[in-house]
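Chemist: Note that the working numbering gives residue 147 to position 152 of the sequence shown, counting from 1, and the numbers run on in steps of one.
All residues carry an ideal CB built from backbone N, CA and C; glycine is no exception.
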Amino acid sequence: LSVAEALRHAGYALNSEVTIHWIDSETLNEENIAAVLGNMDGIIVPGGFGSRGIDGMILAAKFARENRIPYFGICLGMQIAVIEYARNVAGIADADSGEFNELCKHKVIDFMPGQSDSIDKGGTLRLGAYPCMIKNGTAMERCYGKATIFERHRHRYEFNNDYRDALTAAGLTLSGLSPDGRLVETVELTDRPFHIGVQYHPEFKSRPNRAHPLFFGFVKAALERRETK
-4 LSVAEALRHA GYALNSEVTI HWIDSETLNE ENIAAVLGNM DGIIVPGGFG SRGIDGMILA
56 AKFARENRIP YFGICLGMQI AVIEYARNVA GIADADSGEF NELCKHKVID FMPGQSDSID
116 KGGTLRLGAY PCMIKNGTAM ERCYGKATIF ERHRHRYEFN NDYRDALTAA GLTLSGLSPD
176 GRLVETVELT DRPFHIGVQY HPEFKSRPNR AHPLFFGFVK AALERRETK
């Protein structure tokens, strides 16, 4: 199931029609970001691979954070949120992902085979459904209403645990961890209506008659923002 379908499922559950504006992140820059995104009720950065359009995605995550626009980052979108926060809030100016910049000094996202025993036989992708423990008092807990969830993964890069302390000290909440505590599965800004990044693919579990809790929460936050404009 696609992200677009999952958004529509949430719209059905909220008796609202979701209008999706597809934006090529390669076209975003400091000069046009406000004009392009300023009227959006929510910003979502879905999964993907490679470095194409990454700078524009980081600008979008920054714009969402600074303007309190609901932000939902899925897989790559979570990694984008972490990089943006590291650079612009935690003061790690050259923070990046090992996927985009192998020579980067501060790889806040990297291929971390030592952190996970659950990569596939080819040694590259973490695939399948895995449990995640949700931290109390977080936006994640508000969305799911439970302490343990199971979600489907398809990725090879992870949050680099070497930067846990620096990012949490700067205000980023690590709201979901693997049961052994080794893997950061979700991040958020808990004081926002919705600013969440997840390493997994929640769209895979959304259904027309059962919207996924995170898509429901995101669309609900977007509707509330629209009402307060």
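Considering only DSSP beta bridges, list what residue 231 is partnered with.
Modeler: Residue 231 is absent from the model: the chain starts at -4 and stops at 224.
Chemist: Go to residue 102, then tell me how far its alpha helix (DSSP H) extends in each direction, as first and last residue.
Modeler: It is not in any alpha helix (DSSP H) - residue 102 instead sits in the beta strand (DSSP E) that spans 102 to 105.
Chemist: Which one of 99, 73, 4 and 133 has the shortest CA to CA distance from residue 148?
Modeler: It is 73.
Chemist: Inspect the beta-carbon positions of residue 183 and residue 173 and report whether they are closer than 8 Å.
Modeler: No, they are not a contact pair.
Chemist: For residue 10, count neighbouring Cβ atoms within 10 angstroms of its own Cβ and tell me buried if that reaches 16, exposed if not.
Modeler: The residue is exposed, with fewer than 16 neighbouring Cβ atoms inside 10 Å.
Chemist: Is the segment 150 to 164 close to the segment 198 to 205, with three or more CB pairs under 8 Å?
Modeler: No, the segment 150 to 164 is not in contact with the segment 198 to 205.
Chemist: Within 10 Å of its beta-carbon, does residue 160 have 16 or more other beta-carbons around it, so buried, or fewer, so exposed?
Modeler: When all chains shown are included, residue 160 counts as exposed.
Chemist: Looking at the structure shown, is residue 172 part of a helix, part of a strand, or coil, going by DSSP?
Modeler: Residue 172: strand per DSSP, three-state reduction.
Chemist: Once the 5 residues before and after residue 76 are set aside, which same chain residues still bring their CB inside 6 Å of it?
Modeler: These residues qualify, in order along the chain: 56, 68 and 192.
Chemist: Under three-state DSSP, which class holds residue 14?
Modeler: Here residue 14 sits in coil by DSSP.
Chemist: Work out the CA separation of residue 157 and residue 102 for me, nearest whole Å.
Modeler: Distance between the alpha carbons of residue 102 and residue 157: 9 Å.
Chemist: Considering residue 183, what are the terminal residues of the alpha helix (DSSP H) in which it resides?
Modeler: Counting along the chain, residue 183 falls outside any alpha helix (DSSP H), though it belongs to the beta strand (DSSP E) covering 179 to 183.
Chemist: Cα-Cα, which of 70, 188, 45 and 18 is closest to residue 54?
Modeler: Among 70, 188, 45 and 18, the Cα nearest to that of residue 54 belongs to 18.
Chemist: Expressed to the nearest angstrom, what Euclidean distance is found between the alpha-carbon atoms of residue 32 and residue 221?
Modeler: When rounded, the distance between both Cα atoms is 13 Å.
Chemist: Note the first and the last residue of the continuous alpha helix (DSSP H) segment covering residue 78.
Modeler: 71 to 83 is the extent of the alpha helix (DSSP H) around residue 78.
Chemist: Helix or strand or just coil, what does DSSP make of residue 60?
Modeler: In this structure, residue 60 counts as helix in the three-state DSSP scheme.
Chemist: Less than 8 Å separating the beta-carbons of residue 217 and residue 42?
Modeler: The answer is no: Cβ separation not under 8 Å.
Chemist: May I ask which residues mark the beginning and end of the beta strand (DSSP E) holding residue 39?
Modeler: 38 to 40 is the extent of the beta strand (DSSP E) around residue 39.
Chemist: Rounded to the nearest angstrom, what separates residue 7 and residue 99 at their Cα positions?
Modeler: The alpha-carbon atoms of residue 7 and residue 99 are separated by roughly 43 Å.
Chemist: For the alpha helix (DSSP H) holding residue 209, just list the boundary residues, first then last.
Modeler: Here the alpha helix (DSSP H) through residue 209 covers 208 to 223.
Chemist: Indicate the three-state DSSP secondary structure (helix, strand or coil) for residue 117 in the structure shown.
Modeler: Note that residue 117 scores 49 on pLDDT, short of 50, meaning its location in the model is unreliable; the coordinates nonetheless yield the value given after this. Note: residue 117 maps to coil in three-state DSSP.
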